[in-house]
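My numbering numbers the first residue of the sequence shown as 2 and each following residue consecutively.
All C-beta atoms in this analysis are idealised placements derived from N, C-alpha and C, irrespective of residue type, glycine included.
Because the structure is a prediction, the values reported are computed rather than measured.
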Amino acid sequence: MNPAIHNELTKLQEQLTTLDNAVKQIAYAGEVSTAVVKTTEAVQKEYAIHLKNIQELLE
């Protein structure tokens, strides 16, 4: 194989590996952000319940 072609293919493989790692990190970040949103929703619901209970006690 022509050395220039071999070098270009090697560079392309390195770039593909870098892109693959970036895509995996983005996917993981998406999973983390989804978990944060779900947890925040759960906390907000619990907070609303506690506020309602406090209001009922004060009435």
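Identify whether residue i lies in helix, strand or coil by the three-state DSSP scheme.
i   : result
N3  : coil
E57 : helix
* Entirely within the stretch 19 to 60 and at least 4 residues each: give me those alpha helix (DSSP H) ranges in chain order. => none
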